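**Student:** Questions regarding the structure given below will be posed in turn.
Residue numbers (this note's numbering), protein chains in the order written: chain A, 1 to 378; chain B, 1001 to 1295.
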């Protein structure tokens, strides 16, 4: 039996009501981060009709198959479906706990009121002081910047760094390896000369850029630096075609959609992370390994942590999680904002214990230090 | 045996081939068939993604055309290529010294070599097209698939557009080692195939290995389910469970806790990395085997 692959027009009032509800559900999913275009709405409703819209189990399967695009959406779908079609009061909270990184937009907008950028902006207004020169700016400890003019200068410098990164990445990308003879193309070209391959056709293999995975610590202990680190991560995402950015405090939050190059300013959603108190780096890495590692990591990946390494969990947990991560990637770099400030003082016990799974721990307290990181990446 | 409901009919047909699908997967596969849309199956290795395509082909009595993807797969390996040696011979044979005459008529279907995608399109009867491990292919290759997946046609610049005579049932599988493009995903129905539940896995083992002692099968499946809760780098999939059960059967094991030494020698079927082997000690295994006897 074949269903019609096109939408059937409902013939009763109940059918109309059900279809309206299905349509509204499809649209509501957009608020939860699902990409649902008109074509997808039509496909979903057609699938539901085909599977039997009155059978809740089949309707769920049909809508889920038609509307989900990946594993994360797949896992979040059932609570949303239940909330919409059964009106269960706990569905929303289930969704909130199930969602790692994608919250409804309205919630993100509310959260931005308490964002680190807002607090930093407030601090900068009360901080006073004068702007500094270029050289001083680049060596300035970012955690001690309060002056509004200096903050603006740093923003401009970050934008310039992004542009410089893009140029450098493009230049290295174009610098390919040795050309190879393409036999099939050469033979094809030889048709025009009666089968004599007078001219060889070469291919120039493109150099593969490394993939970046960036973890930004946005917990309370990193409040002074997290704004700049998010900006830096945004710059990396703009320069590298394959760059995934995650924020973490007590939970891991995927920031992929919010660090795309089209955005020029930090969006509210990016500022909504943090300020929950506590840092669980090991937990964040564990969540990453469970949810994202398979699709994100490969043997060419470079992983960057921008954090002071303070973890509220026992130190061995971070060591264990990084030991799982390290064999799967090319390089793990830890960008530590307090390293220069502490003048060789002992690292946090968590970081010390995990050091054998980290290739390099480098200072990241200033613009100079951040720009030096680029040579470590490529 | 006839079934009025297409989902039940498909479920029964798959079961007749030894593939025990759960109700949701059967519904989704039936939808893909009825809506004539490709089905993208994502999940860990060894959970039965490729097996579904094979079972669908076997159940329907149609040919399975398989394209195994890998890094660097391109149109000449997946779609079509020209028979260059034959073209050169023809050019030399018929040229008479004029290169223009020599190349005329060389780019026709007579010199076209079909690769799996084109073969599926030009198949005179229904078929199942399996595009396996599409995440291993490059992003450029995904773009190549878009026309095929949306319109069931391919365009050969020298000839024109070739449309499917019979739309193949397309199954794409991915282990999630790379994010697939949104354009590819939105052309497919999506199903995430997770590790099976205890009851489901047991029913699969019993269907595939009917000679295996039911009590041993329960024990084995319970151990595998517990292993999936451990912090292993490579969790055992359904394929590993079946391999392990077959090994136990071949060695004449009747109870896991009664012959632990012999059972431990078969664990190569379950754990595929050195780190995982070292993570669990003999005492851990003995505890697992003992626990598996519980109700």
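In this text, a Cβ means the ideal position worked out from N, Cα and C, and glycines have one as well. This one's a predicted model, so the numbers in the text were calculated from it and none came from an experiment.
On the DSSP bridge list, what partners appear for residue 1155/B?
**Tutor:** The residue labelled residue 1155/B in the question sits at position 155 within the second chain. The partner list for residue 1155/B (beta bridge, DSSP) reads 1161/B.
**Student:** Starting from the C-beta of residue 58/A, find all residues in its chain whose C-beta is less than 6 Å away, skip the five residues before and the five after it, and write them out in chain order.
**Tutor:** Reading the first chain from its first residue, position 58 is the one you call residue 58/A. So the list reads 51 and 52, once near-sequence residues are dropped.
**Student:** What is the DSSP secondary structure of residue 198/A, counted as helix, strand or coil?
**Tutor:** Taking the first residue of the first chain as 1, we reach residue 198/A at position 198. Residue state, collapsed to three classes: coil.
**Student:** I need the straight-line Cα distance from residue 1046/B to residue 1198/B, nearest angstrom please.
**Tutor:** Mapped onto the second chain, residue 1046/B falls at position 46. Mapped onto the second chain, residue 1198/B falls at position 198. Each residue's alpha carbon lies about 16 Å from the other.
**Student:** If we cut at 9 Å on Cβ distances, does residue 100/A have a partner in chain B?
**Tutor:** Taking the first residue of the first chain as 1, we reach residue 100/A at position 100. Since pLDDT at residue 100/A reaches only 32, below the 50 mark, its modelled position is unreliable, and no value is offered.
**Student:** Do you know how far the Cα of residue 43/A is from the Cα of residue 1177/B?
**Tutor:** Taking the first residue of the second chain as position 1, residue 1177/B is located at position 177. Taking the first residue of the first chain as position 1, residue 43/A is located at position 43. Going from the Cα of residue 1177/B to the Cα of residue 43/A covers about 27 Å.
**Student:** Please classify residue 1111/B: does DSSP put it in a helix, a strand, or coil?
**Tutor:** Mapped onto the second chain, residue 1111/B falls at position 111. If DSSP states are grouped into helix, strand and coil, residue 1111/B belongs with the helices.
**Student:** Under a CB-based cut-off of 9 Å, is residue 313/A close to chain B?
**Tutor:** Translated into positions along the first chain, residue 313/A becomes position 313. Cβ-Cβ to chain B under 9 Å: no for residue 313/A.
**Student:** Would residue 1224/B pass as an interface residue toward chain A - the criterion being a Cβ-Cβ separation below 9 Å?
**Tutor:** Counting from 1 along the second chain, the entry for residue 1224/B is found at position 224. Not closer than 9 Å to any Cβ of chain A, the Cβ of residue 1224/B fails to qualify, so no.
**Student:** Hey, is the stretch 1151–1163 of chain B in contact with the stretch 1179–1193 of chain B, meaning 3+ C-beta pairs nearer than 8 Å?
**Tutor:** Contact fails: fewer than three Cβ-Cβ distances are below 8 Å.
**Student:** For residue 1255/B, which option in 1284/B, 1193/B, 1291/B and 1233/B has the closest C-alpha, if you only look at C-alpha atoms?
**Tutor:** Here residue 1255/B is taken as the residue at index 255 of the second chain, counted from 1. When only C-alpha atoms are compared, the closest one is 1291/B.
**Student:** Give the range of the alpha helix (DSSP H) segment to which residue 1028/B is assigned.
**Tutor:** On the second chain, residue 1028/B is found 28 positions in, with the first residue counted as 1. That run of the alpha helix (DSSP H) goes 1023–1035.
**Student:** To which residues does DSSP link residue 1130/B through a beta bridge?
**Tutor:** As a working mapping, residue 1130/B is identified with position 130 in the second chain. Answer is 1066/B and 1171/B, bridged to residue 1130/B.
**Student:** Whose C-beta lies closer than 7 Å to the C-beta of residue 1250/B among residues of the same chain, with five residues either side of it excluded?
**Tutor:** As a first step, residue 1250/B is located in the second chain; it is residue number 250 there, counting from the start. Once the five neighbours on either side are set aside, residue 1250/B has no close Cβ partner at all.
**Student:** Closer than 8 Å, Cβ to any Cβ of chain A: which residues of the stretch 1017–1028 of chain B, in chain order?
**Tutor:** Cβ contacts with chain A: 1023, 1024, 1027 and 1028.
**Student:** When the Cα of residue 211/A is compared with those of 355/A, 82/A, 330/A and 163/A, which residue comes out closest?
**Tutor:** Counting from 1 along the first chain, the entry for residue 211/A is found at position 211. Of the listed residues, the one whose Cα sits closest to residue 211/A is 330/A.
**Student:** When the Cα of residue 80/A is compared with those of 49/A, 28/A, 48/A and 65/A, which residue comes out closest?
**Tutor:** Walking along the first chain from the start, residue 80/A turns up at place 80. Ranking 49/A, 28/A, 48/A and 65/A by Cα distance to residue 80/A puts 28/A first.
**Student:** Measure the alpha-carbon distance for residue 289/A versus residue 324/A and round it to whole angstroms.
**Tutor:** Reading the first chain from its first residue, position 289 is the one you call residue 289/A. Reading the first chain from its first residue, position 324 is the one you call residue 324/A. Using only the alpha carbons, I get a separation of about 8 Å.
**Student:** Taking C-beta pairs closer than 8 Å, name the residues in chain A that residue 1076/B reaches, listed in chain order.
**Tutor:** Taking the first residue of the second chain as 1, we reach residue 1076/B at position 76. Those within 8 Å of residue 1076/B in chain A are 184.
**Student:** Run down chain B in chain order and give the residues with a C-beta less than 9 Å from the C-beta of residue 236/A.
**Tutor:** Translated into positions along the first chain, residue 236/A becomes position 236. Within chain B, no residue comes near residue 236/A; the closest Cβ sits about 18 Å away, beyond 9 Å.
**Student:** With DSSP as the reference, please indicate the residues paired to residue 217/A in a beta bridge.
**Tutor:** Here residue 217/A is taken as the residue at index 217 of the first chain, counted from 1. According to DSSP, residue 217/A bridges with 248/A.
**Student:** Short of 7 Å in beta carbon distance, which residues of its chain neighbour residue 1135/B, apart from the five on each side in sequence? Order them along the chain.
**Tutor:** Counting from one through the second chain, the residue named residue 1135/B turns up at place 135. Closer than 7 Å at the Cβ level, and outside the excluded window around residue 1135/B, lie 1174, 1175, 1176, 1177, 1178 and 1180.
**Student:** Taking residue 1152/B as the query, report the chain A residues whose CB atoms sit under 8 Å from its CB, ordered along the chain.
**Tutor:** Numbered from 1 along the second chain, position 152 holds the residue referred to as residue 1152/B. What residue 1152/B touches in chain A: nothing, since even the nearest Cβ is about 12 Å away.
**Student:** Under 9 Å, Cβ to Cβ, is there at least one residue of chain A near residue 1227/B?
**Tutor:** As a working mapping, residue 1227/B is identified with position 227 in the second chain. False, the Cβ-Cβ gap to chain A never drops below 9 Å.
**Student:** Would you please state the rounded distance, in angstroms, between the beta carbons of residue 1131/B and residue 1164/B? I believe it to be under 8 Å.
**Tutor:** Position 131 of the second chain, counting from 1, holds the residue named residue 1131/B. Position 164 of the second chain, counting from 1, holds the residue named residue 1164/B. Contact flag wrong, Cβ pair sits at about 15 Å.
**Student:** Which value, in whole angstroms, describes the spacing of the CA atoms of residue 274/A and residue 1270/B?
**Tutor:** If you number the first chain from 1, residue 274/A lands on position 274. If you number the second chain from 1, residue 1270/B lands on position 270. Low confidence applies here, because residue 274/A scores a pLDDT of 45, under 50, leaving its location unreliable; read the following figure in that light. Straight-line Cα distance between these residues: approximately 41 Å.
**Student:** Let me confirm a value: residue 160/A is counted as buried when at least 16 other C-beta atoms fall within 10 Å, else exposed. Which label applies?
**Tutor:** Taking the first chain and counting its residues from 1, the one referred to as residue 160/A is at position 160. So residue 160/A counts as exposed.
**Student:** Give the straight-line distance between the Cα atoms of residue 291/A and residue 72/A, rounded to the nearest whole angstrom.
**Tutor:** Counting from one through the first chain, the residue named residue 291/A turns up at place 291. Counting from one through the first chain, the residue named residue 72/A turns up at place 72. C-alpha separation (whole angstroms): 8 Å.
**Student:** Evaluate residue 366/A with the Cβ neighbour count: other Cβ atoms within 10 Å of its Cβ, from every protein chain shown; 16 or more gives buried, anything less gives exposed.
**Tutor:** In the first chain, the residue the question calls residue 366/A occupies position 366. Buried.
**Student:** Just verifying my parser: in three-state terms, what is the DSSP assignment at residue 191/A?
**Tutor:** The residue labelled residue 191/A in the question sits at position 191 within the first chain. Three-state result, residue 191/A: helix.
**Student:** Confirm, please, whether the CB-CB distance from residue 1075/B to residue 1149/B is below 9 Å.
**Tutor:** For the purposes of this step, residue 1149/B is identified with residue 149 of the second chain, where counting begins at 1. For the purposes of this step, residue 1075/B is identified with residue 75 of the second chain, where counting begins at 1. No, the Cβ-Cβ distance between residue 1149/B and residue 1075/B is not below 9 Å.
**Student:** Answer with yes or no whether the minimum CB distance from residue 1141/B to chain A is below 9 Å.
**Tutor:** For the purposes of this step, residue 1141/B is taken as the residue at position 141 of the second chain. So, not an interface residue.
**Student:** Quick check: is the beta carbon of residue 1295/B nearer than 9 Å to any beta carbon in chain A?
**Tutor:** As a first step, residue 1295/B must be located in the second chain, where it is residue number 295. Confidence at residue 1295/B is low in this model, with a pLDDT of 49, below 50, so the placement of that residue is unreliable and no value is reported for it.
**Student:** Within the chosen definition, does the stretch 1051–1067 of chain B reach the stretch 1004–1024 of chain B through at least 3 CB pairs nearer than 8 Å?
**Tutor:** They touch, by the three-pair rule.
**Student:** State the CB to CB distance for the pair residue 1205/B and residue 1242/B, rounded to an integer number of angstroms; the pair is presumed to be in contact (CB under 8 Å).
**Tutor:** Within the second chain, residue 1205/B is the residue found at index 205, counting from 1. Within the second chain, residue 1242/B is the residue found at index 242, counting from 1. Confirmed, Cβ separation roughly 7 Å.
**Student:** Could you say which of 1050/B, 1201/B and 1113/B lies nearest to residue 1069/B if we only look at CA atoms?
**Tutor:** Residue numbering aside, residue 1069/B sits at position 69 when the second chain is read from its first letter. That would be 1050/B, whose Cα lies nearest to the Cα of residue 1069/B.
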